[in-house]
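Numbering (our numbering), first residue to last: 341 to 617. Report on the following structure.
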């Protein structure tokens with residue numbers, strides 16, 4: 341659904357009659373911003389039947405996690421050189437739905453703490469189109485993601501990523517800038533650390549990497565030359581492959597443990613203020 345919305349906004353940006361010049365777009369790209377965010381987590385683990393274990397969906401984590409985002413971006417010079425750096429942090433609880441071995445999904449339901457931290461840096465170059473009322477900015481992005489998951493005694497998932505994307509911006513009226521983004525990339529150096537505790541041994545290991553995608557729409561309005569307001573919605577997804585099998589001690593008994601395959605999808609709503617410079 342969000343992909344269709346993003347496509348519609350982009351189509352509007354490059355087919356409508358212009359009412360503002362490109363200075364509003366450049367101004368929105370020279371900004372320090374702080375936003376309140378709410379990220380809806382949609383996580384699913386699946387089993388492949390290894391060593392006679394279950395197949396299909398093993399457990400899920402769903403629900404909103406709230407926090408803040410801080411970003412700074414610049415677009416300078418005659419070449420519209422574009423740089424953006426951002427950090428997002430959110431903490432809360434998700435709904436855990438799982439099952440005991442051999443029992444249908446849903447036999448275990450509870451609340452799980454969740455902490456999400458993201459860092460990213462973006463580099464690109466803007467090109468004005470449609471009589472200066474619109475701008476296309478191809479970019480490359482690198483970043484790091486961490487999810488501290490509260491199941492058992494805690495599990496920490498991390499990965500780095502790189503990607504290429506396009507930022508499309510359109511100013512339909514003075515002080516207002518509409519944006520849409522689309523990025524395709526890949527995770528790398530994905531890893532998990534499972535904490536140990538009474539009766540449960542921990543382990544750590546690499547996870548399989550995957551393609552990563554993100555699409556989003558947003559709006560920026562200049563209340564004054566320096567004070568801006570913004571609102572946006574992003575949708576992203578990636579996967580983790582199964583970790584290597586490790587030998588752990590469970591209640592004094594040597595056992596095999598591993599992290600199964602999983603898919604993660606995030607829908608993040610953002611609203612905040614920015615200070616143009």
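Positions of the beta carbon are idealized from the N, C-alpha and C atoms, including for glycine. Please read all numbers here as calculations on a predicted model, not as lab measurements.
- A straight line joining the alpha-carbon of residue 454 with that of residue 533 spans about 15 Å.
- Of the residues 604, 563, 591, 601, the one whose Cα lies closest to the Cα of residue 368 is 563.
- Straight-line measurement puts the Cα of residue 584 at about 20 Å from the Cα of residue 551.
- Under the three-pair Cβ rule at 8 Å, the segment 367-383 counts as touching the segment 601-609.
- Put simply, the backbone Cα of residue 411 is about 13 Å away from that of residue 568.
- When DSSP states are grouped into helix, strand and coil, residue 366 belongs to the helix group.
- In the DSSP annotation of this structure, the continuous segment of the beta strand (DSSP E) that includes residue 487 starts and ends at 474-489.
- Taking every protein chain shown into account, the CB of residue 547 has 16 or more other CB atoms within 10 angstroms, so this residue is buried.
- Considering only 422, 581, 612, the residue with the shortest C-alpha distance to residue 466 is 422.
- Nearest C-alpha to residue 573 among 521, 598, 416: 521.
- Membership of residue 394 in any beta strand (DSSP E) is not indicated, and neither H nor E is assigned to it by DSSP.
- With a cutoff of 7 Å on beta-carbon distance, residue 561 and residue 516 are scored as near each other.
- Sixteen is the threshold: when 16 or more other Cβ atoms of the shown chains lie within 10 Å of the Cβ of residue 557, as they do, the residue is buried.
- Setting aside the 5 residues that flank it on each side, residue 504 is surrounded in the same chain by 480, each with a C-beta closer than 6 Å to its C-beta; the list follows chain order.
- By the Cβ-count criterion, residue 555 is buried, with 16 or more other Cβ atoms from all chains shown falling within 10 Å of its own Cβ.
- Here residue 387 really is in contact with residue 600; their C-beta atoms are around 5 Å apart, less than 8 Å.
- In the three-state DSSP reduction, residue 500 falls in the strand class (E or B).
- The beta-bridge partner set that DSSP reports for residue 441 is empty.
- Closest by C-alpha distance to residue 395, out of 452, 575, 470, 445, is 445.
- Residue 393 places its beta carbon 7 Å or farther from that of residue 437.
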